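Okay, structure first, notes after.
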Amino acid sequence: MRRIIYAINITADGCCDHAKQHVDEEKLEFFAQLLRGVGLQLFGRKTYELMVPYWPDIAESQSETAAANEFARVFDSLDRIVVSRSLGGVEDRKTRIIRGNLGEAIVKLKEEPGGDILVGGVDVPSQLVELGLVDEFRFVVGPMVVGEGRRLFDEVRLAESLRMKLVETKVLKSGTVALHYLKQ
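First residue of the sequence shown: 1, per the working numbering; consecutive thereafter.
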């Protein structure tokens with residue numbers, strides 16, 4: 001069965017607002033490596049619209065740094081699913097839309113053959129955490145405090161605490177720490 005892996009950049013004070021993040025070459029390399037290990041990407045509409053068409057355009061033009069170009073190439077090589085009630089359609093040939101019952105749709109995706117599913121953003125992953133469907137967590141914690149902005153899991157409501165087991169840490173040269181947890 002496929003696993004759902006939630007990966008996100010956050011600051012040391014838990015801010016997950018992408019506009020307040022610093023993404024350097026090493027983080028891009030880290031996320032490109034993570035993407036190489038999955039078979040499908042899953043986003044909500046907001047995150048999808050931040051990522052597409054930006055990264056597919058970079059994959060085609062190869063107009064950024066080597067790390068950004070490689071991330072874009074790997075990102076664009078994968079199929080994507082966007083969860084949305086409001087998105088009318090997608091022009092991206094590698095993307096399909098899920099509407100309706102999120103839990104049922106994700107359970108079906110997990111049962112399909114293929115590589116693991118990487119989910120990004122905040123809203124959809126929060127719903128998946130509430131439903132108990134996230135199997136792994138990859139928190140990439142940047143060495144900065146921003147003091148404001150959206151916090152990770154601010155709106156998650158759990159019947160009981162989610163217990164996780166730390167299985168790996170990686171410290172990047174910048175001081176960023178990548179934490180890898182499994183749901184217990």
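Virtual Cβ for every residue (Gly too), placed ideally from N, Cα, C. Here the structure is a predicted model, which means the values were calculated and not measured.
- Task: Enumerate in chain order the residues of its own chain whose CB-to-CB distance from D17 is below 8 Å, with the five nearest sequence positions on each side excluded.
- Result: V146, G149 and R150
- Give a yes or no on whether 8 Å exceeds the smallest Cβ distance from T65 to chain C. Protein chains in the displayed structure number just one, and chain C is not present.
- By Cβ distance, which residues of its chain are closer than 8 Å to S126, with the 5 residues on each side in sequence left out? F153, E155 and V156
- DSSP-derived helix/strand/coil call for A72: helix
- Query: Among residues of its own chain, excluding the 5 on either side of V134, which ones have a beta-carbon nearer than 6 Å to its beta-carbon?
  - Reply: I4, Y6 and L128
- CB of R85 within 8 Å of CB of R99, strictly: yes
- Item | Residue burial classification, T11 (beta-carbon count within 10 angstroms, cutoff 16) | buried
- Item | Identity of the residues DSSP links to F43 by a beta bridge | V82
- the segment 35 to 42 in contact with the segment 113 to 127 per 3-pair CB rule at 8 Å: yes
- Message: Can you find the residues in the same chain that come closer than 8 Å, C-beta to C-beta, to T95, ignoring five residues on each side of it along the sequence?
- Response: Y48, V52, D79, R80, I81 and V82
- Among residues of its own chain, excluding the 5 on either side of K170, which ones have a beta-carbon nearer than 6 Å to its beta-carbon? A178
- Task: Could you tell me which residues DSSP pairs with Y48 in its beta bridges?
- Result: Paired residues: none, contrary to the question.
- Message: Helix, strand or coil, according to DSSP, for F139 in the structure here?
- Response: strand
- Task: Give the secondary structure of L182 by DSSP, where H, G and I count as helix, E and B as strand, and everything else as coil.
- Result: strand
- Query: Considering only residues of the same chain and omitting the five flanking positions on each side of P56, which have a CB-CB separation below 6 Å?
  - Reply: D76
- Beta-carbon contacts of L131 that lie in its chain and below 8 Å, excluding the five residues immediately before and after: L102, G103 and I106
- Message: Just to check my reading of the structure: K110 and M1 have Cβ atoms closer than 8 Å, yes? What is that Cβ distance to the nearest angstrom?
- Response: 5 Å
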